[in-house]
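Visitor: Please read through the structure below; I'll follow up with questions.
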Amino acid sequence: MSSPRLRIAVQKSGRLADKSLEFIEAAGLRIVKGANELLYRIENAPIDLLRVRDDDIPTFVGDGVADFGIVGRNVLEERVEGEKPIEVMALGFGRCDLRIAAPKDFMYDGPQSLAGERIATSYPNILRRFLKKNDVKAEIVTMRGAVEVAPRLKLARAICDLVSTGATLETNGLAATETILESEAVLIQCRGPLSPDLRPLADSIIARMRGVSASRGAKYVMMNAPRVRLPEITEILPGAGAPTVTPLAGRDDAVAVHAVCQESVFWETLEKLKSAGASAILVLPIEKMM
Ligand code: ATP
Ligand code: ZN
């Protein structure tokens with residue numbers, strides 16, 4: 010009997026397709042893009058990538074057809090039938106928000122403004138939960154696509170749709186109001202137990218993916234700094250824990266400071282560090298982190 014292989018469901022084509030493959034490669038898995046359109050094999054681990062429509066990913070993972078999946082949180086949260094997969098971690102790409110939008114003359118003043126209105130969306134389940142939570146009674150018009158044209162066609166007064174830049178809304182004379190879900194690509198996992206043979210592999214993949222996700226936003230920052238101004242400098246470093254502080258040869262008053270910053274390091278940050286007496290400031294990308 011052939012040994013078991015871990016299955017990860019990914020979007021076959023679309024906004025998340027390439028980025029999902031890139032993410033998997035960044036975790037050290039070498040993808041063999043073979044003749045089989047549905048399945049890509051991983052060369053250096055017993056893993057197969059199942060390439061499907063994104064809407065099918067939560068179902069496949071929920072049913073255990075795939076062990077893991079990479080899908081937008083919006084798609085995961087919209088699913089209501091069957092076993093809901095677990096969201097293991099956010100992956101930091103495919104960011105977009107599910108937002109309520111309405112024509113610019115619509116006076117939006119909180120969810121209550123939607124009472125009695127018709128709202129068009131491709132996400133009726135998420136919208137229904139939002140309305141219920143806010144105790145608002147409104148009519149939901151489910152559309153498969155082109156939701157943004159609904160107000161112009163008088164199909165609905167407002168819409169609830171994915172927004173990343175807002176350009177589509179703008180073109181259609183709409184303005185976004187409430188955000189009802191912040192979405193990005195997430196790793197999802199089947200709720201059922203994994204075959205014991207695959208458990209160590211799955212754990213190692215999750216750990217590596219956490220590393221990729223953490224290292225992508227992070228930067229390694231190095232500088233020299235006056236010893237007395239260390240507390241101030243530590244305060245300025247964005248999302249850093251305790252920095253590493255080492256002596257500088259032949260200098261008693263200054264130290265070298267090294268820190269991993271989890272958040273973006275902007276020019277403004279460097280200017281602040283400089284004002285606090287830091288010099289020779291270097292910001293380096295981090296390739297891997299564990
Ligand atoms: P499929 O053919 O797999 O069903 P699709 O057309 O449903 O694909 P895409 O348009 O490729 O889906 O979007 C996939 C995911 O990308 C969305 O579910 C969402 O999580 C994310 N995404 C990021 N930015 C946007 C955006 N501006 N509009 C829509 N989706 C976005
Ligand atoms: Zn889809």
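Just so we're aligned: the sequence shown equals residues 10 to 299 in our numbering.
Cβ atoms here follow ideal geometry from the backbone N, Cα and C, with glycine treated the same way.
Measuring CA to CA, which of Arg-238, Arg-108, Ala-285, Val-221 is closest to Glu-34?
Guide: It is Val-221.
Visitor: For Ala-263 versus Pro-235, is the C-beta distance shorter than 7 angstroms?
Guide: Result yes, Cβ atoms of Ala-263 and Pro-235 sit closer than 7 angstroms.
Visitor: With three or more C-beta pairs closer than 8 angstroms as the rule, is the region 54-63 touching the region 12-22?
Guide: Counting Cβ pairs under 8 angstroms, three or more are found: they touch.
Visitor: Quick one: Cα of Arg-24 to Cα of Gly-103, how far?
Guide: Going from the Cα of Arg-24 to the Cα of Gly-103 covers about 7 angstroms.
Visitor: Please classify Asn-83: is it buried, with 16 or more other beta-carbons within 10 angstroms of its beta-carbon, or exposed?
Guide: Under this definition Asn-83 is a buried residue.
Visitor: Since Pro-67 and Arg-88 should fall inside the 8 angstroms C-beta cutoff, what is the C-beta to C-beta distance between them, to a whole number of angstroms?
Guide: Their Cβ separation, rounded to whole angstroms, is 4 angstroms, which keeps Pro-67 and Arg-88 in contact under 8 angstroms.
Visitor: For Ser-122 and Ile-197, what's the separation of their Cα atoms in angstroms?
Guide: Cα-Cα distance, rounded: 35 angstroms.
Visitor: Quick check on the contact list: which residues have their beta carbon closer than 6 angstroms to a heavy atom of ligand 1?
Guide: In chain order, the hits are Gln-20, Gly-23, Arg-24, Leu-25, Arg-62, Asp-63, Asp-64, Gly-81, Asn-83, Val-84, Gly-103, Cys-105, Leu-171, Ser-173, Ser-192.
Visitor: Exposed or buried, what is Met-299 when buried is set at 16 or more other beta-carbons lying within 10 Å of its beta-carbon?
Guide: It counts as exposed.
Visitor: What are the partner residues of Ala-185, as DSSP defines its beta bridges?
Guide: In DSSP, Ala-185 forms a bridge with Ala-110.
Visitor: Can you give the Cα-Cα distance for Ala-251 and Glu-90, rounded to whole angstroms?
Guide: Using only the alpha carbons, I get a separation of about 46 angstroms.
Visitor: Going by C-alpha to C-alpha distance, which of Ala-167, Ser-173, Pro-133 sits closest to Gly-125?
Guide: Residue Ala-167 is the option with its Cα nearest to Gly-125.
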